[in-house]
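798 is the number that the numbering used here gives to position 105 of the sequence shown; each next residue is one higher, with no gaps.
Note that CB positions come from ideal geometry on N, CA and C, so glycine has one too.
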Amino acid sequence: MEYFAGEYDVIVVGAGHAGCEAALASARMGCNTLLITLNLDTIAHMPCNPSVGGPAKGHLVREIDALGGQMGIVADETSLQVRMLNTGKGPAVHALRIQSDKQAYQLRMREVLLAQSALTVIQGLVDKIILNNSDIGGVLTKTGARFEAKSVILTSGTYLKGKIIIGSSSYEGGPNGQLPAKTLSDSLRSLGLELGRFKTGTPPRILKRSVDFSKFSIQPGDSRQWRFSFMPTQSIFWKDDIDAQVPCWLGYTTSQTHEIINTNLYRAPLYSGEIEGIGPRYCPSIEDKVVRFAQREAHQIFLEPEGWNSEELYVAGLSTSMPEEVQIEMLRSIHGLERVVMLRPGYAIEYDYVKPHQLSLTLEVRQIPGLYTAGQLNGTSGYEEAAAQGLVAGINAALKVKEKMPFIVKRSEGYLGVLLDDLVTKGIREPYRLLTSRAEYRLLLRQDNADLRLTAKGREIGLVSDERWERFVRKADGLQKVKELWKTTVFSPNRDDLKEVLNEVQSTPLRGGINAEELIRRPEITLSHLSRLVPDMGSFDSEVLEEAEIEVKYSGYIDKQLNEIERFIKLEERNLPTGISYKDIKGLSTEGRQRLIEVCPANLGQASRITGVTPADISVLLVFLEQRRRGASNV
694 MEYFAGEYDV
704 IVVGAGHAGC
714 EAALASARMG
724 CNTLLITLNL
734 DTIAHMPCNP
744 SVGGPAKGHL
754 VREIDALGGQ
764 MGIVADETSL
774 QVRMLNTGKG
784 PAVHALRIQS
794 DKQAYQLRMR
804 EVLLAQSALT
814 VIQGLVDKII
824 LNNSDIGGVL
834 TKTGARFEAK
844 SVILTSGTYL
854 KGKIIIGSSS
864 YEGGPNGQLP
874 AKTLSDSLRS
884 LGLELGRFKT
894 GTPPRILKRS
904 VDFSKFSIQP
914 GDSRQWRFSF
924 MPTQSIFWKD
934 DIDAQVPCWL
944 GYTTSQTHEI
954 INTNLYRAPL
964 YSGEIEGIGP
974 RYCPSIEDKV
984 VRFAQREAHQ
994 IFLEPEGWNS
1004 EELYVAGLST
1014 SMPEEVQIEM
1024 LRSIHGLERV
1034 VMLRPGYAIE
1044 YDYVKPHQLS
1054 LTLEVRQIPG
1064 LYTAGQLNGT
1074 SGYEEAAAQG
1084 LVAGINAALK
1094 VKEKMPFIVK
1104 RSEGYLGVLL
1114 DDLVTKGIRE
1124 PYRLLTSRAE
1134 YRLLLRQDNA
1144 DLRLTAKGRE
1154 IGLVSDERWE
1164 RFVRKADGLQ
1174 KVKELWKTTV
1184 FSPNRDDLKE
1194 VLNEVQSTPL
1204 RGGINAEELI
1214 RRPEITLSHL
1224 SRLVPDMGSF
1234 DSEVLEEAEI
1244 EVKYSGYIDK
1254 QLNEIERFIK
1264 LEERNLPTGI
1274 SYKDIKGLST
1284 EGRQRLIEVC
1294 PANLGQASRI
1304 TGVTPADISV
1314 LLVFLEQRRR
1324 GASNV
């Protein structure tokens, strides 16, 4: 029987990575918030890889942190190992990746949630969305509890009509044996939302002591104590002892592994027709890799620890939904795993998702004011993409309650903007994964300057604490002082220490005077070289010096991208009227008209990025806007 259970400003459904960030953001912004989760014991669960970050994903985590989010802090506090990836390439693609203790991450995030003022966390299964006329009204749980709210955020991940598949066996379920949400999909469809069906998967887990590590290559952490957070965080495990980090191990599949897969391919759900959903292109199953890359003799696998004291290892690169006995055979065909014990089989999971073209850039469902969706429910893959969406949805749900202007990050301002714009504007045909190649202004959107780009915005919203703001102001001030120091420090070409440095790195000798800024622009000159010539640099933090070096060395490219952004902004500023009737605009292509009606772009810039909208269509819209302007001016 239905009963009234309470009224809140914001209700968040689901406590995965998206739900955690959404609930914390809403509560920290002063909204009375309710977080409903299927299981209090699986808050912030990592059902797949026990790590955070990586290319583009690491950028997102830093942006979440810069805005006052939680993921970066908890990842730092529960880290087993830290590695900076792509250091052999330019700073635009440097990316931090942290191996976390899976259980510690969950417990720490739950601790933060339960301690947060203005936030109530309960266990329950939401069955239905309630409307108040055409606006959101609240949610109804399976036990009949009716919770009312001004904003509702759905972050149900891969649980909507979840179906676990292992070989020919399949059953209803969420990740890692959890309960699925069976009826929420039907509620969303009844409200007019268009849903699709995706699939993802996970590899088997194995017993650590059953592995012969002598046949694997050790992958230790970095010797530098990297952090996601701009705050002074520290691992609860290895603290200041960088050598205590837990390693990973690199190995390879064999020709025997591939033969086992090919022999049993008819039993693979991906090829037998058991799996209907579309899987992620950038994280394929091992059977898919073997078929698609038949010429490859071996594929990399990584053994990754699931915890500080855990005997469980995650076999990255071996995602599969083959029958259990085939999985064991595959594992034991790999050098070093001949006697391995499989603790948990890999599996595929199919689930319903909301097609994101129905959303605005705030993640609000356009046809149901006050309803927001975030995370894998929107067709993305990865913890980081989910958390980023959750943060944006939580911020906007709170702003809507407060009747304030929405929060939107542009493509030119952050990977957050790239992620949301891609989802809403371009649409998806497979689980979406953020890549550095998707960001056209990636030299400006580096992970090191996420705070310089976004912390002021977080402060304005109300998510950035006084302590964080003070640290940010000190960094920004230090950055300006370093640049000024370099500009005003002039070297004579006759200085012996300067000649020594130039000779050491085989740099072109000077013919005249040069300042420190011009000197550091030389690719072969590093901060360590310059610090020998400018002792005053010792008073600045390494983080500030590295930031200044990047900005000076790449100033030409950065200026070029800033000019491109100016042109981008001009299109973004040409707003398209709300409720515009594309059916009545003559000259639009058939596909362009259909896609414009579907997406309802806010401005010409967004319209120009819609798949199927041609440059000719944009020209037609420009003419339409000009005619509309002239008509209005004649009134």
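query, result
"If you compare alpha carbons, which of Ile1290, Ser1235, Asn1296 is closest to Ile1262?", "Asn1296"
"Roughly how many whole angstroms lie between the Cα atoms of Val754 and Met764?", "7 Å"
"Identify which residue in Asp734, Ala737, Leu778 has its Cα closest to the Cα of Pro748.", "Leu778"
"Run the CB neighbour count on Tyr1125, radius 10 Å, all protein chains shown included, and call it buried at 16 or more, exposed below.", "buried"
"In chain order, which continuous runs of the beta strand (DSSP E) of length 3 or greater are located wholly inside the stretch 945-1021?", "993-998, 1005-1009"
"CA-CA distance, Ser922 and Glu770?", "10 Å"
"How would you call Lys1253, buried or exposed, if buried means at least 16 neighbouring beta carbons within 10 angstroms?", "exposed"
"Give a yes or no on contact between the stretch 1246-1260 and the stretch 1129-1140, applying the rule of three or more CB pairs nearer than 8 Å.", "yes"
"For the stretch 719-732 against the stretch 1091-1098, do three or more pairs of beta-carbon atoms, one drawn from each stretch, fall closer than 8 Å, so that the two count as touching?", "yes"
"Across which residues does DSSP place Tyr864 in a beta bridge pair?", "Ile857"
"Can you name, in chain order, every residue of its own chain whose Cβ lies under 6 Å from the Cβ of Asp905, other than the five neighbours on each side?", "Gly1029"
"Go through its chain and collect everything with a Cβ distance to Glu1329's Cβ below 7 Å, but skip five positions before and after it.", "Since the first residue shown for the chain is 694 and the last is 1328, residue 1329 is missing from the structure and cannot be characterised."
"Taking its Cβ as the centre, do 16 or more other Cβ atoms sit within 10 Å of Leu1315, making it buried, or is it exposed?", "exposed"
"Pull up the distance between the alpha-carbon of Leu1145 and that of Ser1053, whole angstroms please.", "26 Å"
"Quick check on Asn1187: does DSSP put it in helix, strand or coil?", "coil"
"Are Ala1081 and Ile766 close, meaning C-beta to C-beta below 9 Å?", "no"
"Within the stretch 1029-1076, note down every full beta strand (DSSP E) run reaching 3 residues or more, in order along the chain.", "1035-1037, 1040-1047, 1064-1066"
"Decide if Phe1317 is buried, meaning its Cβ has at least 16 other Cβ atoms within 10 Å, or exposed.", "buried"
"As a quick exercise: from Gly1298, Ile858, Thr1304, Thr1271, pick the residue whose alpha carbon is nearest that of Pro1287.", "Just to set this straight, residue 1287 is Gln in the shown sequence, not Pro. Here the closest residue by C-alpha is Thr1304."
"Does the Cβ of Leu1054 lie closer than 8 Å to at least one heavy atom of the ligand COA?", "Ligands displayed in this structure: none; no statement on the ligand COA is therefore possible."
"Taking 9 Å as the cut-off, decide whether the C-beta atoms of Glu714 and Leu1178 are in contact.", "no"
"Excluding sequence positions up to five away, which residues of its chain have a Cβ less than 6 Å from the Cβ of Val1328?", "Bear in mind that a pLDDT of 43 at Val1328, under 50, signals an unreliable position, so the number given afterwards is only what the model happens to contain. There are no such residues."
"Residues in the same chain with beta-carbon distance under 7 Å from Tyr964, minus the five sequence neighbours each way, listed in chain order, please.", "Leu958"
"Should Lys1192 and Glu1236 be called a contact, given that it needs their Cβ atoms to be closer than 9 Å?", "no"
"Could you check the C-alpha separation between Ala711 and Ala1086 for me, to the nearest Å?", "9 Å"
"Please return the same chain residues whose Cβ sits closer than 6 Å to the Cβ of Gly699, not counting the five positions on each side in sequence.", "Phe840"
"Within 10 angstroms of its Cβ, does Gly761 collect 16 or more other Cβ (buried), or is it exposed?", "buried"
"By Cβ distance, which residues of its chain are closer than 8 Å to Gln1020, with the 5 residues on each side in sequence left out?", "Pro897, Thr1013, Met1035, Pro1038, Gly1039"
"What does the Cβ neighbour count give for Gln1173, buried or exposed, with the cut at 16 atoms within 10 Å?", "exposed"
"Residue range of the beta strand (DSSP E) that Ser1301 falls in?", "From DSSP, Ser1301 is part of no beta strand (DSSP E) but of the alpha helix (DSSP H) over 1297-1301."
"Measure the alpha-carbon distance for Leu1212 versus Ile1218 and round it to whole angstroms.", "7 Å"
"Between the stretch 865-874 and the stretch 842-856, do three or more beta carbon pairs fall short of 8 Å?", "yes"
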